[in-house]
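Heads up, the thing below is written out as structure tokens.
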Amino acid sequence: MRSTSPVWHPFTQHAVQGEMPTIVKGEGAWLEAADGRRIFDAISSWWVVTHGHRHAQIMQAIRTQTDNLDQVIFAGFTHPPAEELARRLVAITPPGLDYVFFSDSGSTSVEVALKMALGYWLHSGEQRRRILALEGAYHGDTIGGMSVGERGVFNAPYEPLLFDVARLPFPRPGREQATLEALDQACRDEAVAALIIEPLILGAGGMLIYPPWVLAEMGRICKAHDVLLIADEVMTGWGRTGTLFACEQAGLVPDIGCYSKGLTGGALPLAVTLCSAGIFDAHYSPDRRKTFFHSSSYTASPIACAAALANVKVWQTEPVMQRIADLAAAQARGLDRFRDDRRFTNVRQIGTIAALDLAVTDAGYLADVGPRLYGEFMRRGLLVRPLGNTIYLMPPYCSTAGEIDAVYQAIEAVAEVILPG
Ligand code: PLP
Numbered sequence: 017m018r019s020t021s022p023v024w025h026p027f028t029q030h031a032v033q034g035e036m037p038t039i040v041k042g043e044g045a046w047l048e049a050a051d052g053r054r055i056f057d058a059i060s061s062w063w064v065v066t067h068g069h070r071h072a073q074i075m076q077a078i079r080t081q082t083d084n085l086d087q088v089i090f091a092g093f094t095h096p097p098a099e100e101l102a103r104r105l106v107a108i109t110p111p112g113l114d115y116v117f118f119s120d121s122g123s124t125s126v127e128v129a130l131k132m133a134l135g136y137w138l139h140s141g142e143q144r145r146r147i148l149a150l151e152g153a154y155h156g157d158t159i160g161g162m163s164v165g166e167r168g169v170f171n172a173p174y175e176p177l178l179f180d181v182a183r184l185p186f187p188r189p190g191r192e193q194a195t196l197e198a199l200d201q202a203c204r205d206e207a208v209a210a211l212i213i214e215p216l217i218l219g220a221g222g223m224l225i226y227p228p229w230v231l232a233e234m235g236r237i238c239k240a241h242d243v244l245l246i247a248d249e250v251m252t253g254w255g256r257t258g259t260l261f262a263c264e265q266a267g268l269v270p271d272i273g274c275y276s277k278g279l280t281g282g283a284l285p286l287a288v289t290l291c292s293a294g295i296f297d298a299h300y301s302p303d304r305r306k307t308f309f310h311s312s313s314y315t316a317s318p319i320a321c322a323a324a325l326a327n328v329k330v331w332q333t334e335p336v337m338q339r340i341a342d343l344a345a346a347q348a349r350g351l352d353r354f355r356d357d358r359r360f361t362n363v364r365q366i367g368t369i370a371a372l373d374l375a376v377t378d379a380g381y382l383a384d385v386g387p388r389l390y391g392e393f394m395r396r397g398l399l400v401r402p403l404g405n406t407i408y409l410m411p412p413y414c415s416t417a418g419e420i421d422a423v424y425q426a427i428e429a430v431a432e433v434i435l436p437g
């Protein structure tokens, strides 16, 4: 039945969407609905909640900040939470990322990165405009993000708005060299401004993993051709792949890094785009036409910055890496039972992220099996939102081994319903 609510939800086809729980509370890895139902948040509420819902220190920092400053225009003004946060981010991200530009979401952090790259080349006096991206990539739903993302059902209606990019094949196992050669060739053939990548794993593109050596090689090739490398760590950042940032595993220092989602521990929307001094310096000029023309009204919201600062402190004062290692071990144990199970293919894991594909003939994002799986998990009190036939888990780091085990038992039960016998 058609809902009477005026709310239009994201990535939701209201004509087929079933009953939507009203969530009134979050605690640790759990959500609580108005009717008292408890739901285990196995995807960290779209990958943002890292330590768990309502982490005490982050909630307290938000309350404290509201006693002092709610908002101030960030052009021509600054404030302590932004200044301290920026310093701390420069200290913990790969060395060489020296300047911090604030925005509000993963998508806007990507827009900023693309604009920084083009501005850099223009202001440096070089005609480089071509952007390279990976096949299957997802970088957000704004125009630039969609342009560099894989083309498909998600963005087909908006195609007239999108700019053209050159696409490299995804480095599938055994086909890594083809990607590297395509990158090298593209850098020789065209005036390439930047390569944008999701380091080590494509998220929304299907949780597809590639090894650190490929990432390191991509970095080396970009450097050899003076091509800027944009690392979109919006999903991979803040511990998801087992290290604080995925680039660390390849010893890669990007020219530009995008971070959001777990930046505030998942409490408030905030994003940052970090860049090298060279990129900042190209815009640094008495010529006001070289100003970096980007802003949004809430740039560097003091309350969101205070939340992010508290999050960084949580990383420094709590055994977060140990929790990540424990969660990764629990995921590995859970996946093990499916490694030889013919109902599943591509059983895979990187750090705290686990994924496996249900062996059905209708795959792809719009496959009917996706909503069926979602419904079966919800009936069992689990928020699992498959990407087509790909079931993945990306839970908060406070999840216990018992909770993770229960999710895998549910996967077993759901597989028996969908693929009986
Ligand atoms: N980049 C990557 C790699 C993402 O996974 C996402 C979102 O999932 C985005 C960008 C867009 O982030 P947001 O949804 O916060 O705009």
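Everything in the sequence shown is counted per the numbering used here, starting at 17 for the first residue and increasing by one. Note that beta-carbon positions come from the ideal geometry of N, C-alpha and C, so glycine has one too.
Proximity below 8 Å, CB of residue i to CB of residue j
i: Gly219; j: Gly253; result: no
i: Glu166; j: Gly152; result: yes
i: Cys274; j: Gly44; result: no
i: Gly92; j: Arg70; result: no
i: Val65; j: Gly282; result: yes
i: Gly156; j: Val126; result: yes
i: Leu284; j: Ala320; result: yes
i: Val164; j: Cys203; result: no
i: Leu130; j: Gly160; result: yes
i: Tyr413; j: Ile295; result: no
Residue i burial status per 10 Å Cβ neighbour count (16 or more: buried)
i: Glu197; result: exposed
i: His241; result: exposed
i: Ala426; result: buried
i: Pro189; result: exposed
i: Leu177; result: exposed
i: Ala371; result: buried
i: Glu432; result: exposed
i: Ala429; result: exposed
i: Asp57; result: buried
i: Phe179; result: exposed
Helix, strand or coil at residue i according to DSSP, with G and I counted as helix
i: His67; result: coil
i: Trp254; result: coil
i: Phe393; result: helix
i: Tyr424; result: helix
i: Glu175; result: helix
i: Arg79; result: helix
i: Ala160; result: Looking at the sequence itself, residue 160 is Gly, so the reference to Ala does not match. Helix, per DSSP.
i: Ile434; result: helix
i: Asp205; result: helix
Close beta carbons around residue i, own chain, < 8 Å, minus the five adjacent residues each side
i: Trp24; result: His30
i: Tyr300; result: Lys306
i: Ile434; result: Leu374, Val376, Val385, Arg388, Leu389, Glu392
i: Ile59; result: Leu399, Val400, Arg401, Tyr408, Leu409, Met410, Pro411
Own chain partners of residue i with C-beta closer than 7 Å, once the 5 adjacent residues on each side are dropped
i: Ile225; result: Leu216, Ile217, Arg364, Ile366
i: His95; result: Leu85, Val88, Pro318
Contacts around residue i, its chain only, beta-carbon distance under 6 Å, and the 5 residues preceding and following it disregarded
i: Pro228; result: Gln265, Ala266
i: Pro37; result: Ala49
i: Ile420; result: Ala346, Gly350
i: Asn171; result: Met162
i: Tyr470; result: This structure leaves residue 470 out entirely; the chain is present only between 17 and 437.
Would you list, in sequence order, the uninterrupted alpha helix (DSSP H) runs of no fewer than 4 residues that lie entirely inside the stretch 91-147?
With a minimum length of 4 residues, the continuous alpha helix (DSSP H) runs that stay inside the stretch 91-147 are 96-108, 122-139.
Let me know the alpha helix (DSSP H) ranges lying completely inside the stretch 365-415, each 4 residues or longer, listed in chain order.
Taking only runs of at least 4 residues, the alpha helix (DSSP H) segments lying wholly in the stretch 365-415 are 385-395.
Which runs of the beta strand (DSSP E) at least 3 residues long sit entirely within the stretch 276-360? Give them in chain order.
Secondary structure remark: continuous beta strand (DSSP E) runs of at least 3 residues inside the stretch 276-360, in chain order: 287-291.
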